[in-house]
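Q: As they're listed, the protein sequences go chains Y and R. Take any residue in the first sequence, note its place counting from 1, add 266, and you have its number in my numbering. Take any residue in the second sequence, note its place counting from 1, add 46, and you have its number in my numbering. Just so you know, even glycine gets a beta-carbon here, dropped at the ideal spot from N, CA and C. Predicted, not measured: the structure shown is a model, and the values here were computed from it.
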Amino acid sequence: MSVKFFGQFLIEQGEIDAGQLREALERMQMRNRALGDLAIAEGLLAWSDAERLNAAQREVDRPFGELAVAKGMLSREDLERLLCRQREQRLPLGEALVELGHLSVTRLGALLDRFKIDQSSIETGQISLPSALTRLRLVPIVLDLLPRFCMRVARLYLKLAPARSQEIDSALAHRVTLDVRGAQYLALGLAADGAVASALAGGISGVARESLDDSLLADGLGEFLNMLAGNAVSALDREGVTAQLEPVRQAVLPPSGHVFDLLATSGRGALVVRVSTLG
Amino acid sequence: MSEKLRVVLVDDSRSALAKLESVLRALESVEVVGTATDGAMAITVVRQKRPDLVLMDIVMPQLDGIAALRLLRSQQPAVRIAIVSSVGGAASRAGEAFRLGAVQVVAKPFEREQIESLIALELEHKRTAARPRT
Numbered sequence: 267m268s269v270k271f272f273g274q275f276l277i278e279q280g281e282i283d284a285g286q287l288r289e290a291l292e293r294m295q296m297r298n299r300a301l302g303d304l305a306i307a308e309g310l311l312a313w314s315d316a317e318r319l320n321a322a323q324r325e326v327d328r329p330f331g332e333l334a335v336a337k338g339m340l341s342r343e344d345l346e347r348l349l350c351r352q353r354e355q356r357l358p359l360g361e362a363l364v365e366l367g368h369l370s371v372t373r374l375g376a377l378l379d380r381f382k383i384d385q386s387s388i389e390t391g392q393i394s395l396p397s398a399l400t401r402l403r404l405v406p407i408v409l410d411l412l413p414r415f416c417m418r419v420a421r422l423y424l425k426l427a428p429a430r431s432q433e434i435d436s437a438l439a440h441r442v443t444l445d446v447r448g449a450q451y452l453a454l455g456l457a458a459d460g461a462v463a464s465a466l467a468g469g470i471s472g473v474a475r476e477s478l479d480d481s482l483l484a485d486g487l488g489e490f491l492n493m494l495a496g497n498a499v500s501a502l503d504r505e506g507v508t509a510q511l512e513p514v515r516q517a518v519l520p521p522s523g524h525v526f527d528l529l530a531t532s533g534r535g536a537l538v539v540r541v542s543t544l545g
Numbered sequence: 047m048s049e050k051l052r053v054v055l056v057d058d059s060r061s062a063l064a065k066l067e068s069v070l071r072a073l074e075s076v077e078v079v080g081t082a083t084d085g086a087m088a089i090t091v092v093r094q095k096r097p098d099l100v101l102m103d104i105v106m107p108q109l110d111g112i113a114a115l116r117l118l119r120s121q122q123p124a125v126r127i128a129i130v131s132s133v134g135g136a137a138s139r140a141g142e143a144f145r146l147g148a149v150q151v152v153a154k155p156f157e158r159e160q161i162e163s164l165i166a167l168e169l170e171h172k173r174t175a176a177r178p179r180t
């Protein structure tokens with residue numbers, strides 16, 4: 267698998283040809299206005315200001331808007347508003363192809379889905395792992411995916427670090443475990459306090475946090491762990507290594523293992539990773 | 047034949063079922079006619095409800111989604127089955143599902159648009175299948 271952009275993927279799939287892609291890119295170029303153009307249109311910057319900022323960008327590796335704020339040419343509020351407008355008006359490649367009649371809306375949805383699967387590459391995190399875990403490719407994948415999934419599923423910003431203690435605090439009362447079977451046996455345990463558990467369960471189920479009962483809270487946390495492990499197994503599968511997931515077990519953690527602290531803006535949790543060759 | 051797409055949802059997680067139902071509830075063209083929490087129950091529910099489409103997880107207790115897909119396809123070949131699973135991104139699992147006759151494989155966590163797009167394709171299929179042949 268290689269990293270590629272959506273247009274390249276569509277050509278590879280035989281959905282469009284290079285001429286159609288070029289046509290769509292030209293349409294995007296016409297419609298997607300630069301931040302400087304938007305600022306000029308709103309009277310926030312003069313042409314000469316934009317030219318000065320463009321020239322400064324050749325010396326400094328900073329986005330146009332950030333540079334304008336740093337130089338006192340735009341306020342932070344104006345920049346946020348302009349960025350918001352730019353996003354709203356943005357024409358993505360897929361929509362450009364639909365407008366041009368090269369793809370149908372339903373086909374675009376299916377292709378975006380396939381592209382996401384094709385391109386969901388995994389970058390190993392920067393955490394230094396205990397030597398017992400470095401042999402298992404799945405572990406860094408899980409550690410890399412965990413904060414990204416917390417953000418994606420629950421808009422939960424979370425930091426992860428090896429724990430000083432192997433004891434799981436009793437405040438982390440919501441607990442689930444899932445076993446992964448392959449060449450090696452891996453048990454993943456997730457423990458969370460009420461804040462983290464309800465954020466994850468709410469995001470997973472779409473149920474308002476105040477409406478989550480204890481059972482749905484536990485189920486949602488389990489489903490989150492299932493998604494995390496499933497996507498890690500999928501990434502591993504792309505590297506040619508097959509592993510199987512077992513259904514989630516509620517209210518338990520692996521009896522021992524390597525513990526990672528999970529620190530969210532509000533609330534906390536722990537991830538327990540147990541490795542064995544006995545599975 | 048009903049104009050609505052009749053759908054059965056199969057997942058061992060109540061949260062996953064709730065999420066799927068919330069997406070489908072917003073679509074007037076869909077009626078969720080049943081749910082099941084494992085593959086064995088799915089076979090019973092599908093036999094009773096005769097849905098147009100089954101959205102089914104893979105990792106489940108008792109009978110998993112792949113085994114249930116194999117059985118459902120052999121017993122009720124007219125039923126269309128899409129897999130919605132956390133291991134949907136695994137080429138080996140997705141490939142197996144497609145080989146067994148799944149119409150689509152969606153990896154969790156999914157975006158609402160993916161399910162909407164799948165439903166649109168299935169509605170189109172239903173309308174085409176219902177059109178009298180001349």
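Output yes if chain Y places a C-beta closer than 7 Å to the C-beta of L51 (chain R); else output no.
A: Not closer than 7 Å to any Cβ of chain Y, the Cβ of L51 (chain R) fails to qualify, so no.
Q: Cβ of E389 (chain Y) less than 7 Å from any chain R Cβ?
A: Note on E389 (chain Y): pLDDT 43, under 50, position unreliable in the model; the coordinate value appears next. No, no contact with chain R.
Q: Let me know the secondary structure DSSP gives P521 (chain Y) once reduced to three states.
A: Coil at P521 (chain Y), not helix or strand.
Q: Since R293 (chain Y) contacts E365 (chain Y) with CB under 8 Å, what's their CB separation in whole angstroms?
A: Right, their Cβ atoms sit about 7 Å apart.
Q: Taking Cβ-Cβ distances shorter than 7 Å, what residues in chain R pair up with N298 (chain Y)?
A: Residues of chain R passing the Cβ test: none, with the nearest at roughly 21 Å.
Q: Quick one, are the C-beta atoms of A461 (chain Y) and L422 (chain Y) less than 7 Å apart?
A: Not closer than 7 Å, so no.
Q: Using the rule of at least 16 other Cβ atoms within 10 Å of the residue's Cβ for burial, across every protein chain shown, is M106 (chain R) buried or exposed?
A: Classification for M106 (chain R): buried.
Q: Straight-line CA distance for K50 (chain R) to D110 (chain R)?
A: So the alpha carbons of these two residues sit roughly 28 Å apart.
Q: What residue range does the alpha helix (DSSP H) around K50 (chain R) cover?
A: From DSSP, K50 (chain R) is part of no alpha helix (DSSP H); its letter is neither H nor E.
Q: Terminal residues of the continuous beta strand (DSSP E) containing D445 (chain Y)?
A: Element bounds for D445 (chain Y): 440-447.
Q: Select from Y:A398, Y:A420, Y:A427 the residue whose C-alpha is nearest the C-alpha of D410 (chain Y).
A: The shortest Cα separation from D410 (chain Y) among Y:A398, Y:A420, Y:A427 belongs to Y:A427.
Q: Quick one: Cα of S59 (chain R) to Cα of G468 (chain Y), how far?
A: So the alpha carbons of these two residues sit roughly 13 Å apart.
Q: When the cut-off is 7 Å and only beta carbons count, does P520 (chain Y) lie next to chain R?
A: It does not; no Cβ of chain R falls within 7 Å.
Q: With 16 other CB atoms within 10 Å as the buried threshold, where does G309 (chain Y) fall?
A: Answer is exposed; the Cβ neighbour count stays below 16.
Q: Q352 (chain Y): which of Y:A398, Y:D303, Y:V446, Y:L454 sits nearest, CA to CA?
A: Of Y:A398, Y:D303, Y:V446, Y:L454, the residue nearest in Cα terms is Y:D303.
Q: Considering Cα atoms alone, identify which of R:L101, R:M102, R:G80 is closest to Q94 (chain R).
A: Measuring from the Cα of Q94 (chain R), the nearest candidate turns out to be R:G80.
Q: When you compare only the Cα positions, how much space is there between F144 (chain R) and L115 (chain R)?
A: Whole-angstrom Cα-Cα distance: 10 Å.
Q: Report the rounded CA-to-CA distance for T390 (chain Y) versus V514 (chain Y), giving the unit in angstroms.
A: Per-residue confidence for T390 (chain Y) stands at a pLDDT of 43, beneath the threshold of 50, marking its modelled position as unreliable; no derived number is given.
Q: Grab me the residues of G488 (chain Y)'s own chain with a C-beta within less than 7 Å of its C-beta, minus the 5 sequence neighbours each way, in chain order.
A: Cβ neighbours of G488 (chain Y) beyond the five flanking positions: V442, V514, Q516.
Q: Could you give the DSSP three-state label for S387 (chain Y): helix, strand or coil?
A: Low confidence applies to S387 (chain Y): its pLDDT is 47, below 50, so where it sits in the model is not reliable, and the reading given next is rough at best. Of the three classes helix, strand and coil, the one that applies to S387 (chain Y) here is coil, per DSSP.
Q: Closer than 7 Å, CB to CB, is V121 (chain R) near chain Y or not?
A: What sits at residue 121 (chain R) in the sequence shown is Gln, not Val. Judged by the 7 Å Cβ criterion, Q121 (chain R) is not in contact with chain Y.
Q: Can you confirm whether the region 150-166 of chain R touches the region 119-131 of chain R when touching is taken to mean that 3 or more C-beta pairs between the two stretches lie within less than 8 Å?
A: Because the criterion of three Cβ pairs below 8 Å is met, the region 119-131 of chain R and the region 150-166 of chain R touch.
Q: Measuring straight from C-alpha to C-alpha, what distance separates A136 (chain R) and P413 (chain Y)?
A: Computed Cα separation, rounded: 21 Å.
Q: Count Cβ pairs between the region 85-100 of chain R and the region 516-526 of chain Y that sit closer than 8 Å; are there 3 or more?
A: Taking 8 Å as the limit for Cβ pairs, the verdict is that the region 516-526 of chain Y does not touch the region 85-100 of chain R.
Q: At a CB-CB cut-off below 9 Å, which residues of chain Y make contact with L167 (chain R)?
A: Going along chain Y in sequence order, the residues near L167 (chain R) (Cβ under 9 Å) are T372, R373, G375, A376.
Q: Any idea what DSSP makes of L310 (chain Y), helix, strand or coil?
A: Here L310 (chain Y) sits in coil by DSSP.
Q: Take L369 (chain Y) and list the residues in its own chain whose beta-carbon comes closer than 6 Å to its own, dropping the five residues that flank it on each side.
A: Hits under 6 Å: L363.
Q: So, using beta-carbon positions, are L348 (chain Y) and V335 (chain Y) closer together than 7 Å?
A: No.
Q: In chain order, what residues of the same chain have a beta carbon less than 6 Å from the beta carbon of V525 (chain Y), not counting five sequence neighbours either side?
A: Cβ within range, chain order: A429, Q432, A536, V538.
Q: Between V130 (chain R) and chain Y, is any beta-carbon pair separated by less than 7 Å?
A: Taking Cβ atoms only, chain Y never reaches closer than 7 Å to V130 (chain R), which makes this a no.
Q: Quick one: give me the first and last residue of the beta strand (DSSP E) that S131 (chain R) is part of.
A: First-last of the beta strand (DSSP E) with S131 (chain R): 126-131.
Q: Using 10 angstroms around the beta-carbon of M417 (chain Y), count the other beta-carbons present and answer buried if the total reaches 16, otherwise exposed.
A: With fewer than 16 other Cβ atoms within 10 Å, it is exposed.
Q: Can you tell me where the alpha helix (DSSP H) holding E159 (chain R) begins and where it ends?
A: From DSSP, the alpha helix (DSSP H) with E159 (chain R) extends over 158-176.
Q: Step through the CB atoms of chain R and report whether any lies within less than 7 Å of the CB of S477 (chain Y).
A: So no, S477 (chain Y) is outside the interface.
Q: Report the neighbours of S61 (chain R) on chain Y: residues whose CB is nearer than 7 Å to its CB, in chain order.
A: Those are A467, I470, S471, L482, D485, G486, E489, listed as they occur along chain Y.
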